[in-house]
Amino acid sequence: MTRRESARRVRHHWPMVGWLWLLWVLLWGSVGPVVLVGGLLVAVAVVRSFSLPPILPGAVPRPLAIGRLLAGLLEDIVVSGATVAWQALRYGERTSTAIVEVPLRVDSDLLITAVAELTTIAPGTLVVEIDRRRQRLYVHALPVRDEADVDRRREAVQTLERRVARAVGRGRRTGSSGDDTSGAVGDLGYSADPGYSTGPEPSDHPDQGGSTP
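Using the working numbering, read the sequence shown as starting at 195 and increasing by one per residue.
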């Protein structure tokens, strides 16, 4: 394989590179420079060495959106870490928690998994279930004292979902009328509907709040 072919394979499989890089960081549990650089090198080496099918065909990175995603994730980690530490010091075992149902718009296994993993990274949140059929995440969150906190937690996960979807796009494509249309998050299974509800089906996991025993 020539150097040009190798570079083309890495470029076409950049979502896999990003996913392997994220998995490496999660397994090490560190964001130190050695882990970050080493993980990137390992991810690129794996993609270059093995013939892997593209997981998001036609996807292209959006550097600005990726930057916003990483900046927002860093902010969430810092703010959530401070909040959880304060709650532990002030309330201890009496800290109020809840299981929050979060409807999703993305309809891609990769993107749903990415949203779940990035949600779990932030202290105080843990994805306890993924309902793939109904496009739902169930997130254990703290502190949650009332319905307003439930809504804020749900909106935080949905904001992260939008950042993930915007970080992944496609090139220009030809529509049914023959006109070029700019690829958007909808190309990757992101619903453009203004509401998150997928129908009148009742939830099997209603939001539950309360203090830990």
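Ideal Cβ placement from N, Cα and C applies to all residues, glycine included.
- When ALA279, LEU268, GLY318 are compared, the shortest CA-CA separation from THR291 is found for GLY318.
- Boundaries of the beta strand (DSSP E) harbouring THR291: 290-297, taken from the DSSP string.
- Note that the C-beta distance between VAL300 and ALA359 is below 8 angstroms.
- Counting along the chain, VAL333 sits inside the beta strand (DSSP E) bounded by residues 330-335.
- In this structure, DSSP gives VAL300 an extended state, which the three-state scheme calls strand.
- The C-beta distance from GLU311 to LEU220 rounds to 7 angstroms, short enough to fall under 8 angstroms.
- Taking LEU336 as reference, the option from TRP213, GLY212, ALA308, GLY275 with the minimal CA-CA separation is GLY275.
- Taking a 10 Å sphere around the C-beta of LEU235, we find fewer than 16 other C-beta atoms and assign the residue as exposed.
- Per DSSP, reduced to three states, the secondary structure at ASP270 is helical.
- Each of ASP343, ARG339, PRO297 was checked against the Cα of ARG327, and the nearest Cα belongs to PRO297.
- With fewer than 16 other beta carbons inside 10 angstroms of its own, GLY286 counts as exposed.
- Between VAL333 and LEU320, the C-beta gap is smaller than 8 angstroms, which places the two residues in contact.
- Counting only the Cα atoms, ALA350 lies some 13 angstroms from LEU331.
- If you draw a straight line from the Cα of LEU264 to the Cα of ARG284, it is about 30 angstroms long.
- For VAL321, the pairing in a beta bridge is given by DSSP as VAL333.
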